[in-house]
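Everything on this sheet refers to the single structure shown next.
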Amino acid sequence: MTSASPTTYTVAQIAERVGATLHGEGATLVTGVASLDAVRPGSIVFAERERDVPRALESKAAAVVASIVPQAATSPAILETPNVRRTFAQICQLLFLGYPEEPRGVHPTAVIDPTAELGADVAIGPRVVVGPRVKIGARSTLRPGVMLDEDARVGEDCYFFSGVVVGRDCIIGDRCVIHPNAVIGADGFGFTDGFDASLKQPHFGRVVIGNDCEIGACTTIDRGTLDDTILGDDVKLDNLIIIGHNCKLGNHIRMAALCGVAGGVIIEDYCVIGGQSGFQNRVRVGRGSLIGGQSGVMRDVPPGSQFWGLPARNHRDALKELVLLQRLPDIVQRLDAAEQKIQQLLPAGVSDDDTGTDLD
Amino acid sequence: MTSASPTTYTVAQIAERVGATLHGEGATLVTGVASLDAVRPGSIVFAERERDVPRALESKAAAVVASIVPQAATSPAILETPNVRRTFAQICQLLFLGYPEEPRGVHPTAVIDPTAELGADVAIGPRVVVGPRVKIGARSTLRPGVMLDEDARVGEDCYFFSGVVVGRDCIIGDRCVIHPNAVIGADGFGFTDGFDASLKQPHFGRVVIGNDCEIGACTTIDRGTLDDTILGDDVKLDNLIIIGHNCKLGNHIRMAALCGVAGGVIIEDYCVIGGQSGFQNRVRVGRGSLIGGQSGVMRDVPPGSQFWGLPARNHRDALKELVLLQRLPDIVQRLDAAEQKIQQLLPAGVSDDDTGTDLD
Amino acid sequence: MTSASPTTYTVAQIAERVGATLHGEGATLVTGVASLDAVRPGSIVFAERERDVPRALESKAAAVVASIVPQAATSPAILETPNVRRTFAQICQLLFLGYPEEPRGVHPTAVIDPTAELGADVAIGPRVVVGPRVKIGARSTLRPGVMLDEDARVGEDCYFFSGVVVGRDCIIGDRCVIHPNAVIGADGFGFTDGFDASLKQPHFGRVVIGNDCEIGACTTIDRGTLDDTILGDDVKLDNLIIIGHNCKLGNHIRMAALCGVAGGVIIEDYCVIGGQSGFQNRVRVGRGSLIGGQSGVMRDVPPGSQFWGLPARNHRDALKELVLLQRLPDIVQRLDAAEQKIQQLLPAGVSDDDTGTDLD
């Protein structure tokens, strides 16, 4: 663990800081956090599901974060909270910085264009390249090998991991995290028709990303053609996603890995998108929609929808169809039987050939 | 905009250069291009669809590129052309270089092996690594952090963005663009059977890419096992694609993001492939075929096909089946009803049990 | 070919080294390996399928690796072996190193933290960054631009290609190969619910990879939340895969490109996974299972299964359903015909409306 806590807390101090109700011994010093499968003495564990609580209470943990308190509980202590996962995340953030602190300042092997503007207390690691007129906000960290092209702008308190590339003119807000080898601002995929003499459509638009966003490893966000590709605030993208040119993503969006979002797609606030889903050019996904994994979104999705499948449609309908698809062998057998009986019922001399409709 | 026009043009001069017919005022100085949603005075906009023309003509644009000319039109000027998108791309290319010009020469932080051969007027950015015996053609640009391994060869007028890796022995033609963090020439995925003592199949083949190709961000093209993986001319690959070992792609191919092309696949000229499609080992896709997004191509595709679905099949058939799949609940209800009526029609004493076919 | 053989062998010497039975002339000097499509004099070719043998024997190869020996065969020589592909891989490994040898030692442009520990005979290329307290085992090679974060540990005889990023605390075993721009140890994708004030779950777990593993280009393996993400021995991952936080992969696993493995998934030994498949959170895939390409694994897979489809199910069932899906137009026509006949059979005055079940 490279990011040790600068201060230590007792169980009671932690309960107070995260607003949890303490049951039991509060004076124990907390040494860290752990999962139920690897409890260490002094650590805090969380019991998200009710059935995990007894097991957690039999462990050597210093405290258990839980939403229920069994009557018999005495030790370990319980930190009672209505939202176990959230409280646990708060504790993790209290105890640890999370990411390694780079030394503040500029590593001697970094290549910083003299026209670039660096905010106070930035940390710029080995072999970073910062291009002309780039601006980097206060306290942002660029890990080794990050490359920022001409006129890119990075907000305050950002943390970019190794190998991240940010293209010219792109803008990234405050408190954004970008994981290794992600690419912000490659060209969109657009060529004129007429193959033999196809012309590339130059891409002049930027990528503009809001505050508190997180971009996964090897995820690529393409710049707009003339206008910008836009991500709002608190957009969290997993790894290996492509956001196409001119997309507009709202705020508070979660998208799992390997999604392909084609050009000009609009995804409104509070959408949650399962992994490996695809979105056709220019579809709009309404506010608060859930799109199941591996969906193919081929038309607009009304706000508040739960869609799934290829093509993506109402989740219940898609499930029902899948169940029936698995019953198709039965259905065909029933149809065979029905046809036989009808044949028996028909007057002699009338055969299938008369109907002209059986193509089987 | 970092790539400002070195010269300025009037509307009339632009019309002449791109072969469009000018209607209206030609003396206006053009300051740039814009989309209909963000028109700036002095800019040229394009109205691709007929319904966009009136709106474009009400804007403050200097000129509108359109394929129709309303009688009443006077200002802005109209640049009439049969192919709006193509003419607009030509104007963009006329006005802007498109990509930032790196200073010609070799940045002092680049590591160039003494046996490498650099063409005239190359631009090699900070922290580039060029390995032994690499050859780079005239006027090619390597942005910061590009890495070219032993014996790689790059043509003339190429532009490789940051973080691109080209493996040993690979060959890339003229005027190719490779976007950030793409990987040319990783090993193919091949191991002998027999797990406990599985042997890796060494990959000696190269990747050989023709002229005028474009490779998207984080796209990976694997080298061949013994022979080469080959891309023809004018192949445009979007982001996050894998082209497997020993594939042969023809000329004038477009492939959208996140496609997975397994080993030994042949894709003939003029194919267009939708995003997230997969291709099984050694299938052949015939010339001029269109493969819809998220398809699974499991057998050969005849030339000129329009295929879609999993498994990929004729597009119309696949659509028809999907429509019927969504009608399966109806179909089952109709079958239920038919069975009931047959039961009513049958002489008393004959029951379903006699048929032995109803598995429901 | 940058990796020329340091020594040369005759056909007979090769036969002896790989345990194949020699038929024909053994004194020929072997100059390399080749495919049947590009045979060069002096090269060894392989004829995996019986039908390839006659063609191979008509070529100018020095020897043919085959599992059958035609009576008439005299020249080229035949190296008889029950497992053609395996023997051929052995010959490739005998003749070539496979990967370019970097000069041993540390390139002057590499940035090595003084607290890092480098094993004997490591080869560290230009612009590599090795962070604090990193340990690298003997004879491992880091190609240009590899970046190892704080406290990472790399085993012996590893070969990491350009642009690989290994995050803090991660552990990689012996003889592992990692291809360009792969990312080991990015954060998992986990956020607390409650969007407006969503909290990131810090990820303290590591990625721990066993021996003899191979990781494809631009593949990303996320670190665990509290516990580790674990890969066993001899796990081979293709390009552009994501392995989510807290996954446990056993030994001897093969996974093709573009798979998405969500958090907490367990994949037991000897599984083979087709490309573009997705795995839902926390499913378990039993030992020795085969998962077809583009599957969606939404529930546990029993050991030894052959699953395919979305949702993934028994391969035969899935295929049967797909065949029937393609027959749905017929099925509907047959149902239409059956309904017509029933209508004819019913006494006059009884109509469909009476049943209330026909929704068509």
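Chains as they are written, first to last, in the working numbering: chain A, 8 to 367; chain B, 8 to 367; chain C, 8 to 367. Backbone N, C-alpha and C define an ideal beta-carbon position, used for all residues, glycine too.
With a threshold of 16 other beta carbon atoms within 10 Å, residue 157(A) meets it and is buried. A distance below 8 Å between beta-carbons, with the five flanking residues on each side excluded, links residue 301(A) to the following residues of its chain, in chain order: 281, 282, 283, 284 and 317. Put simply, the segment 220–238 of chain C touches the segment 38–45 of chain A. At least three CB pairs are less than 8 Å apart. No Cβ-Cβ contact shorter than 8 Å links residue 15(C) with residue 69(C). By the C-beta density criterion, residue 130(B) is buried, having at least 16 other C-beta atoms within 10 angstroms.
Residue 71(B) and residue 21(B) have their C-alpha atoms roughly 12 Å apart.
For residue 109(A), the number of other beta carbons within 10 angstroms of its own is at least 16, and it is reported as buried. Close to residue 122(C), with beta-carbon spacing below 7 Å, lies no residue of chain A; the smallest spacing is near 12 Å. For residue 95(A), the enclosing alpha helix (DSSP H) starts and ends at 91–102. Following the DSSP letters along the chain, one finds residue 335(C) inside the alpha helix (DSSP H) bounded by residues 335–352. Secondary-structure assignment with DSSP links residue 156(B) through no beta bridge to anything. Distance from the CA atom of residue 149(B) to the CA atom of residue 172(C), rounded to whole angstroms, is 21 Å.
DSSP, reduced to helix, strand and coil, places residue 63(B) within a helical segment of the structure shown. Cβ neighbours of residue 242(A) within its own chain (closer than 6 Å, five residues either side excluded): 220, 256 and 260. Less than 8 Å separates the beta-carbon of residue 264(A) from that of residue 247(A). Distance from the CA atom of residue 350(B) to the CA atom of residue 350(A), rounded to whole angstroms, is 13 Å.
Chain order gives the chain B residues near residue 188(A) as 170, 187, 188 and 225, where near means a beta carbon separation below 9 Å.
Short of 6 Å from the beta carbon of residue 117(A), and not among the five residues preceding or following it, lie these beta carbons of its own chain, in chain order: 131 and 135. Under DSSP, residue 262(B) forms a beta bridge with 244(B) and 280(B). Pairing residue 225(C) with residue 188(C) gives a Cβ-Cβ distance under 8 Å. In terms of CA proximity to residue 196(C), 244(A) leads the group 184(A), 217(A) and 244(A).
Within chain A, the residues 345, 348, 349 and 352 have their CB atoms less than 8 Å from the CB of residue 349(B), given in chain order. Residues of the segment 41–56 of chain B that bring their beta carbon within less than 8 Å of a beta carbon in chain A comprise 41, 42, 44 and 45, in sequence order. In the displayed model, residue 325(B) falls within a helix according to three-state DSSP. Close partners of residue 234(C) in chain A (Cβ separation under 7 Å): 42, 44 and 45. Straight-line measurement puts the Cα of residue 112(B) at about 32 Å from the Cα of residue 185(C).
In the structure shown, the three-state DSSP call for residue 128(A) is coil.
Using beta-carbon distances, residue 73(C) does not count as an interface residue toward chain A, since no partner is under 8 Å. For the pair residue 64(C) and residue 331(B), the CB atoms are not nearer than the 8 Å cut-off. With a threshold of 8 Å between beta carbons, residue 319(B) makes no contact with chain C. According to DSSP, residue 257(A) shares a beta bridge with no other residue. Annotation: the continuous alpha helix (DSSP H) that includes residue 21(C) extends over 18–25. Distances from the CA of residue 106(A) to each of 179(C), 53(C), 82(C) and 230(C) were compared; the closest alpha carbon is that of 230(C). A Cβ-Cβ separation of about 4 Å places residue 169(A) in contact with residue 154(C) under the 8 Å criterion.
Relative to residue 128(C), the option among 75(C), 121(C) and 163(C) whose CA is nearest is 163(C).
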